[in-house]
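What follows is a short report on a single structure.
Protein chains: 2
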Amino acid sequence: MTSVDALASLGRARALVARSTTAERVADAVREEVVEGRLRPGERLPEQDVCTALAVSRNTVREALSQLVAERVLVREAHRGVFVARPDRDAVRDVYRARRLIEPAAVRYGEAWSRDGVAALRTAVQEGHAAAAAGDWNAVGSANQHFHRALVGLAGSPRLDQQMGLLLAEMRLVFHRMPDVREFFEPYLARNDAICALLEAGDRAAAADAVTDYLDAALAQLLDAYDALDR
Amino acid sequence: MTSVDALASLGRARALVARSTTAERVADAVREEVVEGRLRPGERLPEQDVCTALAVSRNTVREALSQLVAERVLVREAHRGVFVARPDRDAVRDVYRARRLIEPAAVRYGEAWSRDGVAALRTAVQEGHAAAAAGDWNAVGSANQHFHRALVGLAGSPRLDQQMGLLLAEMRLVFHRMPDVREFFEPYLARNDAICALLEAGDRAAAADAVTDYLDAALAQLLDAYDALDR
DNA sequence: TCTTGCAGGATTGTTGAACAATCCTTACGC
DNA sequence: GCGTAAGGATTGTTCAACAATCCTGCAAGA
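Residue numbers (the UniProt record's numbering), protein chains in the order written: chain B, 1 to 231; chain D, 1 to 231.
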């Protein structure tokens, strides 16, 4: 006799079984190339090239590329092709507009605030420090993303987690436009540490304010960098 | 001699020129059917049927359906087909978890708070009252969505607007599972009015708190309805 | 020199047909 | 009632083709 609880538990695992059509795997592969920076912002992705590179048919490739367009990782121009997204000033401003509402709110009011949630933050902070000590600034960027993902994780909302994933993927494209990312990550190691400490002390309001300050500072720095970037 | 300003203005209009591939139009058509409730939650959409109904090829249909799956309007089960999404308790809880963070924050801190923004709210409120007077509770639901869309619009963020659009589309599917929607819309006409009045008076903090209360009440009512719904 | 118009080639948008893999149904035997 | 096998239907994926559109280069004209 199987218990109802056991069946419900199995039901939640269904997503793991079902996964993985070819189109999804193609999308995953291309997304990986983009967020890791091996495909530069603005670069073109001819369908035929993706077909031969991954040995799948053009229809499947189109399905995968459409998904990445919906994720804002790529942009499609009709009859011209798909390109790696190249976020402009407005995009950066808007991403931070969204983050500035979501992240502090998750810290202040998130339902999933718990010892485990804060522990995930601490892990990301340590990951960042370790990467900085090793001089791997790309890894520091990844750790930073884990930190902010963990912040939003305090809300306990899969939908917000997913949305945050899109915003952070877009941020990676922003950083890939920058000549040197160290200046964008180094100042925030200490800030992450401070935010984490406030949360460990249980002061969610102060932590939320610190996150707001953090985001304002990061946006200002990025906009300055954009001024120096294109004309 | 064309001025630089005029060219920049044209550039901003580019999105209007580029629009409209067949797959997008198919996606729009199917989304419309779902959101308007002519396709019920849980209903199956065989690819072939969509092909013949809209006179497009199966590949194009698949591209459109994939997009709607990404929007959570449809769900795909491998080798079984796509179905109109049928949000369960967890989905409802999570949608409200997200809304409860985003909407009050937009009201409290939104950058686009302005006379025009509040005017859009007032318009939605009046639309709701008019529809209620006419006894058209479906239209009241639409007006309610316009109201919440306008709330998030106060943030002035296209990305948040889009996210809110997805959440509201999911909410329509929730309501389409309900036998009678009047009970879900009627109590909130007065609440919308009150929230709008607070914002017209410039009291954003009180308005944000009222939005939070609103969402908590709506979620509780919906979960009760779900208890009465499935077993 | 600068612009305009026009072939030619390449890529995208879309279609149609095909096939293997998988699922659903039904019938059969136990 | 339960496991199993056969048959049909649908999905996942590929291939090949064509029209529409874009880009390039070049020639003609102001």
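Where is the CB? At the ideal position from N, CA and C, for every residue including glycine.
The model shown is predicted, which means the values in this text are computed figures rather than measured ones.
Under 8 Å from the C-beta of residue i: neighbouring residues of chain B
{"i": "valine 95 of chain D", "result": "Arg159"}
{"i": "proline 21 of chain D", "result": "Checking the sequence shown, residue 21 of chain D turns out to be threonine, not proline. By Cβ distance, chain B contributes Ala78."}
Contact set between residue i and chain D, taken where Cβ atoms lie within less than 9 Å
{"i": "asparagine 192 of chain B", "result": "By Cβ distance, chain D contributes nothing, its closest Cβ being about 21 Å from asparagine 192 of chain B, past 9 Å."}
Through-space distance from residue j to residue i, alpha-carbon basis
{"i": "leucine 16 of chain B", "j": "tyrosine 188 of chain D", "result": "Here the model assigns leucine 16 of chain B a pLDDT of 45, short of 50, so the residue's position is not dependable, and the following value carries that caveat. Computed Cα separation, rounded: 39 Å."}
{"i": "arginine 31 of chain B", "j": "valine 152 of chain D", "result": "29 Å"}
{"i": "proline 104 of chain D", "j": "leucine 68 of chain B", "result": "30 Å"}
{"i": "alanine 210 of chain B", "j": "asparagine 144 of chain B", "result": "15 Å"}
{"i": "arginine 191 of chain D", "j": "tyrosine 214 of chain D", "result": "7 Å"}
{"i": "glutamate 43 of chain B", "j": "alanine 208 of chain D", "result": "43 Å"}
{"i": "glycine 135 of chain B", "j": "glutamate 33 of chain D", "result": "54 Å"}
{"i": "alanine 85 of chain D", "j": "glutamate 77 of chain D", "result": "11 Å"}
{"i": "aspartate 90 of chain B", "j": "methionine 171 of chain B", "result": "13 Å"}
{"i": "glutamate 200 of chain B", "j": "valine 118 of chain B", "result": "7 Å"}
{"i": "tyrosine 226 of chain D", "j": "alanine 206 of chain B", "result": "38 Å"}
{"i": "valine 61 of chain B", "j": "alanine 112 of chain B", "result": "38 Å"}
{"i": "aspartate 116 of chain B", "j": "isoleucine 195 of chain B", "result": "16 Å"}
{"i": "aspartate 216 of chain D", "j": "valine 95 of chain B", "result": "27 Å"}
{"i": "glycine 125 of chain B", "j": "alanine 133 of chain B", "result": "Here residue 125 of chain B turns out to be valine, not glycine, going by the sequence shown. If you take the alpha carbons of valine 125 of chain B and alanine 133 of chain B, they lie about 12 Å apart."}
{"i": "threonine 22 of chain D", "j": "alanine 139 of chain D", "result": "29 Å"}
{"i": "leucine 167 of chain B", "j": "proline 158 of chain B", "result": "14 Å"}
{"i": "serine 114 of chain B", "j": "glutamine 163 of chain D", "result": "26 Å"}
{"i": "valine 50 of chain B", "j": "arginine 40 of chain B", "result": "15 Å"}
{"i": "alanine 131 of chain D", "j": "aspartate 193 of chain D", "result": "14 Å"}
{"i": "leucine 54 of chain D", "j": "valine 73 of chain B", "result": "30 Å"}
{"i": "arginine 122 of chain B", "j": "serine 142 of chain B", "result": "14 Å"}
{"i": "glutamine 48 of chain B", "j": "arginine 25 of chain D", "result": "25 Å"}
{"i": "arginine 93 of chain D", "j": "threonine 212 of chain D", "result": "14 Å"}
{"i": "arginine 80 of chain B", "j": "glutamine 221 of chain D", "result": "50 Å"}
{"i": "alanine 27 of chain B", "j": "glycine 37 of chain D", "result": "31 Å"}
Cβ distance (whole Å) where residue i is taken to contact residue j below 8 Å
{"i": "glycine 110 of chain D", "j": "leucine 154 of chain D", "result": "4 Å"}
{"i": "glutamate 127 of chain B", "j": "histidine 146 of chain B", "result": "6 Å"}
{"i": "alanine 169 of chain D", "j": "glutamate 63 of chain D", "result": "In fact, because the Cβ distance is near 19 Å, the residues do not count as touching under 8 Å."}
{"i": "proline 46 of chain D", "j": "valine 174 of chain D", "result": "So it is not a contact: roughly 25 Å between Cβ atoms."}
{"i": "phenylalanine 185 of chain D", "j": "tryptophan 137 of chain D", "result": "6 Å"}
{"i": "serine 66 of chain B", "j": "serine 66 of chain D", "result": "6 Å"}
{"i": "leucine 101 of chain B", "j": "leucine 160 of chain D", "result": "7 Å"}
{"i": "residue 250 of chain D", "j": "arginine 177 of chain D", "result": "Here chain D comprises residues numbered 1 to 231, so residue 250 of chain D is not present and cannot be evaluated."}
{"i": "arginine 97 of chain D", "j": "glycine 156 of chain B", "result": "7 Å"}
{"i": "alanine 150 of chain D", "j": "alanine 120 of chain D", "result": "4 Å"}
{"i": "arginine 204 of chain B", "j": "valine 107 of chain B", "result": "6 Å"}
Identity of the residues DSSP links to residue i by a beta bridge
{"i": "glutamate 32 of chain B", "result": "DSSP, once it has assigned bridges, lists no residue as partnering glutamate 32 of chain B."}
{"i": "leucine 45 of chain B", "result": "B:Val82"}
{"i": "valine 75 of chain D", "result": "D:Phe83"}
Residue i in three-state terms, based on DSSP
{"i": "glutamate 103 of chain B", "result": "helix"}
{"i": "alanine 218 of chain D", "result": "helix"}
{"i": "glycine 37 of chain B", "result": "coil"}
{"i": "glutamate 111 of chain D", "result": "coil"}
{"i": "leucine 223 of chain D", "result": "helix"}
{"i": "serine 20 of chain D", "result": "coil"}
{"i": "alanine 201 of chain D", "result": "coil"}
{"i": "proline 158 of chain D", "result": "helix"}
{"i": "arginine 177 of chain D", "result": "coil"}
{"i": "aspartate 213 of chain B", "result": "helix"}
{"i": "alanine 55 of chain D", "result": "coil"}
{"i": "glycine 135 of chain D", "result": "coil"}
{"i": "aspartate 116 of chain D", "result": "helix"}
{"i": "aspartate 193 of chain D", "result": "helix"}
{"i": "aspartate 88 of chain B", "result": "coil"}
Chain-ordered neighbours of residue i on chain B, where CB pairs are closer than 7 Å
{"i": "alanine 70 of chain D", "result": "Gln67, Ala70"}
{"i": "glycine 141 of chain D", "result": "Correct list: empty, because the minimum Cβ distance to chain B is about 21 Å."}
{"i": "tyrosine 109 of chain D", "result": "Leu101"}
{"i": "alanine 155 of chain D", "result": "Arg97, Leu101"}
{"i": "alanine 105 of chain D", "result": "Leu101, Ala105"}
Partner residues on chain B for residue i, Cβ-Cβ distance less than 9 Å
{"i": "glutamate 63 of chain D", "result": "Asn59, Arg62, Glu63, Ser66"}
Contact set between residue i and chain D, taken where Cβ atoms lie within less than 7 Å
{"i": "glutamine 163 of chain B", "result": "Gln163"}
{"i": "alanine 130 of chain B", "result": "Under the 7 Å cutoff, chain D gives no residues; its nearest Cβ is about 31 Å from alanine 130 of chain B."}
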